[in-house]
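As structure tokens, the structure follows; a few thoughts come after it.
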Amino acid sequence: MKIVAEKRTKTGTSASKQARAAGKLPAVIYGRAVESLPVLVDLKEFEDTVREVGSNGVFSLEVDGETYQVFVKEYSYFATKPSLYHIDLQAFTAGEKVDMTIPVYVEGEDEILEGILSQSISEIDIVIAPEDAPTHFTIDASKLEIGDSLTVADIELPESTELLTEPDETIVSVSAPEDISEDLETEDTATDVMPEPEVIGEDDEEEDE
């Protein structure tokens, strides 16, 4: 996939607002061999590309006749709506390894017979050549029982990949649901125990004696 971008000649809030109104998305390209380069990309073309290559997939970006191999390092969204505000694009050379964040998907949760599945993290960080990076990792939770869990160490990584996330960090775990009947029984017991009525006047009578 290839996108043709244009250099940003004007920066600032007003210029960015005008660019977005024209269907452009502000972006910046950076990398080991590339100085920070502000650009504008066509929003629809970018969204179509991401749908095809994945959220962290590699694509080509042409600026003033020069082509860069890039992937999206960071997505920034508006605070008040789920629309893209800005993207950071990291450029790299063939074979160069970089830090990447890869999503982790869970499958088989519908096959868990007992317990409640909780997902603690939804992505991990690795060092890998971007062209070798998977679009996502998938773990199978279908055989988990109450008390079981899957950690980062359970993910099968591509060869020559350096893991940055702690391997013992929990991805998903299965816990027992709260026993509502026990809570109700406790409430009933508390209700059945009636406090003894206070006797008024005994102390006064003793003092009078």
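Just so you know, the sequence shown maps onto residues 10 to 218 in the numbering used here. C-beta: ideal position from N, C-alpha, C; glycine also. Quantities reported herein were computed from a predicted structural model and do not represent experimental measurements.
- [ ] On the DSSP bridge assignment, give the partners of Lys33 in chain order.
- [x] Looking at the DSSP assignment, Lys33 forms a beta bridge with Asp51.
Open item on the list: Less than 8 Å between the C-beta atoms of Phe80 and Lys11, yes or no?
Closed with: No.
Task: Presumed contact (8 Å Cβ cut-off) between Val113 and Ile148, rounded CB distance - done: Going by Cβ atoms, the distance from Val113 to Ile148 rounds to 7 Å, so yes, they are a contact pair.
TODO: Tell me the start and end of each unbroken beta strand (DSSP E) in the segment 75 to 158 that is at least 3 residues and wholly inside, in chain order.
DONE: Counting only runs of 3 or more residues that sit fully inside the segment 75 to 158, the beta strand (DSSP E) segments are 75 to 86, 93 to 101, 107 to 116, 125 to 128, 132 to 137 and 146 to 149, in chain order.
TODO: Can you say whether Phe55 is buried or exposed, counting buried as having 16 or more other CB atoms within 10 angstroms of its CB?
DONE: Taking all protein chains shown into account, Phe55 has 16 or more neighbouring C-beta atoms within 10 Å of its C-beta and is therefore buried.
Task: Sequence-distant residues of the same chain with beta carbon closer than 7 Å to Ala28, five excluded per side - done: Cβ neighbours of Ala28 beyond the five flanking positions: Pro35 and Leu49.
Task: Which listed residue (Glu61, Thr179, Leu122 and Pro91) has its alpha carbon closest to that of Thr144 - done: The shortest C-alpha separation from Thr144 is found at Glu61.
- [ ] Taking 8 Å as the cut-off, decide whether the C-beta atoms of Val181 and Leu126 are in contact.
- [x] Yes.
TODO: Taking the CB atoms as reference points, tell me whether Thr160 and Glu132 lie closer together than 8 Å.
DONE: No, they are not a contact pair.
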